[in-house]
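Numbering (the working numbering), first residue to last: 2 to 466. What follows is a single structure, written as structure tokens, with notes after it.
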């Protein structure tokens with residue numbers, strides 16, 4: 002290869018490289034004399050070149066605060082967008098004749114925003130447009146979380162000027178299954194003894210014999226002052242010379258266990274609150290401000306308030322407020338002739354996040370109350386064996402455990418024929434079935450009837466230890 006050919010090849014390669022590395026040419030608008038000019042769209046903080054078909058002598062901009070202009074030649078104008086809005090660019094010839102009015106529209110630069118949006122949410126078909134000085138987002142996104150991300154990014158480019166026309170696809174209804182399980186167990190034991198004696202110059206007693214006339218009734222009439230809650234008692238008397246003695250032994254033992262289980266199911270739209278109450282309302286007298294008495298009602302039972310939000314796909318955020326309350330008959334307030342009971346209430350308020358079908362134990366309460374009491378006659382009750390007759394022992398223990406488990410499910414509506422009610426399994430009997438055969442319910446028909454006739458003998462349900 003000759004030296005001349007070598008230099009030609011080098012210059013050609015340099016020219017190609019310069020062309021590839023140079024930025025894209027600026028947007029231009031050609032203005033033709035005697036024809037209407039199209040609108041000139043200028044991104045904010047960017048420039049556009051306007052070229053005229055004929056030389057111009059004067060030019061002006063209606064609102065310099067929206068766009069700034071400068072001349073490059075007698076046929077080229079440099080237009081810089083400064084603030085969102087619309088204005089007019091006017092071109093005049095040397096003899097003062099109007100060449101053209103160009104409508105200049107300055108809008109926010111959304112090219113960078115579109116690029117960042119594609120990088121952050123590549124699989125979301127979000128459309129971006131400008132409206133006056135703001136940004137309009139439209140399209141369907143797959144989750145609420147991605148919608149929030151797009152809005153947050155748009156606020157960076159147009160603060161307080163973002164219009165959201167996007168919709169969220171997928172399932173947006175949540176059914177919350179809540180299980181309230183409570184176990185209560187109570188044990189009470191009581192062993193007490195009472196002693197009465199009477200002589201010619203002395204009389205006395207210990208325990209229940211201290212009641213008025215109880216000593217005389219026991220020694221004379223064999224009537225012993227039993228406690229109202231005694232489950233067993235043994236009374237006897239004996240005499241030695243002029244001394245009469247009566248002894249009463251009482252015993253009490255009680256055991257009890259209570260199991261409470263509630264399973265409310267509630268469905269709500271994503272972002273909307275749902276409420277549930279299974280129980281009742283207790284009337285409470287209150288002052289009405291005019292020296293009168295009004296009535297207010299306090300709800301009790303199983304209460305559930307929750308707000309679900311489908312975050313992304315099958316991930317669900319739950320704001321839950323659950324409580325179990327009941328009337329406490331052991332605490333009573335007497336006021337103005339009214340008797341008002343207190344309430345037992347166990348409540349939890351929490352925010353959790355889980356996937357469809359997963360479960361959380363959001364609350365657990367294990368309570369163990371223990372109490373014992375030993376009453377005795379001083380000194381004498383400390384004597385071994387014999388001191389038992391001068392001693393009363395009481396023992397009480399109560400245990401309770403409460404667990405609240407929540408499970409969310411994404412659900413969609415179904416046809417009414419696919420749903421069955423508990424009443425579908427029961428049919429009103431005919432007169433012959435009722436009077437001749439004594440049946441209080443007839444056989445149900447259809448799918449619900451088939452379920453009702455199945456045999457469920459065997460182990461099923463919940464087991465709690």
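Note that beta-carbon positions come from the ideal geometry of N, C-alpha and C, so glycine has one too.
* Asked: Nearest CA to the CA of residue 242: which residue from 281, 438, 199, 50?
  -> For residue 242, the nearest C-alpha among the options comes from 199.
* Asked: Name the DSSP bridge partner or partners of residue 55?
  -> Checking the DSSP bridge columns, you'll see residue 55 has no partner listed.
* Do the stretch 335-349 and the stretch 371-386 touch if we need at least three Cβ pairs shorter than 8 Å? -> The answer is no - the stretch 371-386 does not touch the stretch 335-349, with fewer than three Cβ pairs under 8 Å.
* Relative to the C-alpha of residue 389, which residue among 196, 152, 189 is closest? -> Here the closest residue by C-alpha is 196.
* To do: Assign residue 1 to one of two classes, buried (16 or more other C-beta atoms within 10 Å of its C-beta) or exposed (fewer than that).
  => Since the first and last residues shown for the chain are 2 and 466, residue 1 lies out of range.
* To do: Pick helix, strand or coil for residue 12, following the three-state DSSP scheme.
  => Reliability fails at residue 12, whose pLDDT of 40 lies under 50, so the model's placement of it is uncertain and the value that follows must be treated cautiously. In this structure, residue 12 counts as helix in the three-state DSSP scheme.
* Please name the residue or residues paired with residue 273 in a DSSP beta bridge. => Answer by DSSP bridge pairing: none, since residue 273 is not bridged.
* Are residue 83 and residue 66 touching if we call contact CB-CB under 8 Å? -> Against a cut-off of 8 Å, the Cβ pair of residue 66 and residue 83 comes out as a contact.
* **Close-in-space but distant-in-sequence residues of the same chain around residue 205 (CB under 7 Å, 5 per side omitted)** => The beta carbon of residue 205 sits closer than 7 Å to those of 198, all from its chain and outside the five residues before and after it, given in chain order.
* Length of the line joining the Cα atoms of residue 308 and residue 328 -> Roughly 28 Å between the two C-alpha positions.
* Take the Cβ of residue 208 as the centre, count every other Cβ of all protein chains shown within 10 Å, and call the residue buried at 16 or more, exposed below. => Classification of residue 208: buried, given that the 10 Å Cβ count is 16 or more.
* Give the single residue among 90, 76, 77 whose Cα lies nearest to the Cα of residue 69. => The shortest Cα separation from residue 69 among 90, 76, 77 belongs to 90.
* Which term fits residue 158, buried or exposed, when burial requires 16 or more other beta carbons within 10 angstroms of its beta carbon? -> Its Cβ being crowded by 16 or more others within 10 Å, residue 158 is buried.
* Asked: Cβ-heavy atom distance between residue 143 and the ligand ZN below 7 Å?
  -> This structure does not include the ligand ZN; it has no bound ligands of any sort.
* Please go through the stretch 283-358 and give each complete beta strand (DSSP E) segment of 3 or more residues, from N-terminal end onward. => Taken in chain order, the complete beta strand (DSSP E) segments of 3 or more residues contained in the stretch 283-358 are 294-313, 316-336, 339-356.
* **Cβ-based burial, residue 167 [other Cβ within 10 Å; buried from 16]** => Buried, because 16 or more other Cβ atoms sit within 10 Å of the Cβ of residue 167.
* Among 75, 85, 420, 107, nearest to residue 94 - alpha-carbon criterion -> When each option's Cα is compared against that of residue 94, the closest is 75.
* Which of helix, strand or coil does DSSP assign to residue 117? -> Here DSSP, grouped into helix, strand and coil, assigns residue 117 to helix.
* Using the C-alpha atoms, what's the distance from residue 425 back to residue 432? -> The straight-line gap from Cα to Cα measures roughly 20 Å.
* Does the stretch 178-185 come within contact of the stretch 257-277, defined as at least 3 CB pairs closer than 8 Å? -> Touching, yes.
* Asked: Is it right to say residue 120 is buried, meaning 16 or more other beta carbons lie within 10 angstroms of its own, or is it exposed?
  -> A residue is called buried once 16 or more other Cβ atoms fall within 10 Å of its Cβ, and residue 120, having fewer, is exposed.
* Asked: With 16 as the cutoff for other CB atoms within 10 Å, does residue 130 come out buried or exposed?
  -> Here residue 130 is exposed. Its C-beta has fewer than 16 other C-beta atoms within 10 Å.
* Jot down the residue ranges of each uninterrupted alpha helix (DSSP H) in the stretch 75-150, minimum 4 residues, whole runs only, in chain order. => As far as the stretch 75-150 is concerned, its whole alpha helix (DSSP H) runs of at least 4 residues are 112-121.
* Give the range of the beta strand (DSSP E) segment to which residue 204 is assigned. => Note, residue 204: beta strand (DSSP E), 204-207.
* To do: In the DSSP assignment, find the unbroken alpha helix (DSSP H) run with residue 217 in it and report its ends.
  => For residue 217, the enclosing alpha helix (DSSP H) starts and ends at 215-222.
* **Identity of the residue in 224, 218, 245, 253 nearest residue 232 by Cα** => The residue among 224, 218, 245, 253 with its C-alpha nearest the C-alpha of residue 232 is 253.
* To do: State yes or no: is the C-beta of residue 249 within less than 8 Å of the C-beta of residue 283?
  => Their beta carbons are not under 8 Å apart, which means residue 249 does not touch residue 283 by this criterion.
* Asked: Nearest to residue 373 by alpha carbon, out of 396, 266, 178?
  -> For residue 373, the closest of 396, 266, 178 by C-alpha to C-alpha distance is 396.
* Please name the residue in 177, 398, 314 whose C-alpha comes closest to that of residue 191. => When each option's Cα is compared against that of residue 191, the closest is 398.
* Do residue 332 and residue 343 have their CB atoms nearer than 8 Å? -> With contacts defined by Cβ atoms closer than 8 Å, residue 332 and residue 343 form a contacting pair.
* To do: May I ask you to report which of helix, strand or coil DSSP gives residue 155?
  => Three-state DSSP puts residue 155 in a helix.
* Measure from the alpha carbon of residue 377 to the alpha carbon of each residue in 393, 272, 266, 49, then state which is nearest. => Nearest to residue 377 by C-alpha distance, out of 393, 272, 266, 49, is 393.
* Asked: On the three-state DSSP scale, how would you describe residue 257?
  -> Three-state result, residue 257: strand.
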